[in-house]
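Visitor: Below you'll find the structure I mean.
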Amino acid sequence: MTDKEQAVRAAYCFNALQRFMTQAGSENAIVTVESKDGEKEDLLILKEIKAAIKLLHERGE
């Protein structure tokens, strides 16, 4: 699979997830994570997934 095909597939999956979460009324869903040092942080799920997809694409994974 080429990089372009992977990017298109990732974008399609993200958009499908976004539509599903919007229909479920949770498009702005927040998850609280705790780091190893005990710090807690609230993360927007869709924003974090999109950032992860972008990072993986940049790494070529």
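Residue numbers (our numbering): 11 to 71.
We put the beta carbon where it would ideally sit given N, CA and C, even for glycine.
None of these values were measured; they are calculated from a predicted model.
To the nearest angstrom, how far is it from the Cα of N38 to the Cα of A26?
Guide: Residue numbering aside, residue 38 sits at position 28 when the sequence shown is read from its first letter. Residue numbering aside, residue 26 sits at position 16 when the sequence shown is read from its first letter. Spanning the alpha carbons of N38 and A26 requires a straight line of approximately 15 Å.
Visitor: Tell me which residue opens and which closes the beta strand (DSSP E) that E51 is part of.
Guide: Here residue 51 is taken as the residue at index 41 of the sequence shown, counted from 1. Run containing E51: K50 to L54, per the beta strand (DSSP E) assignment.
Visitor: Am I right that L56 and M31 are in contact with their C-beta atoms under 8 Å? What's the rounded C-beta distance?
Guide: The residue given as residue 56 occupies position 46 in the sequence shown. The residue given as residue 31 occupies position 21 in the sequence shown. The pair is a contact, with the Cβ atoms about 7 Å apart (cut-off 8 Å).
Visitor: Return the residue from the list L65, K46, K60 and V41 that minimises the CA-CA distance to Y22.
Guide: For the purposes of this step, residue 22 is taken as residue 12 along the sequence shown, with counting starting at 1. Closest by alpha carbon: K60.
Visitor: Secondary structure at E58, three-state DSSP: helix, strand or coil?
Guide: Indexing the sequence shown from 1 puts residue 58 at position 48. Looking at E58 - three-state DSSP - the assignment turns out to be helix.
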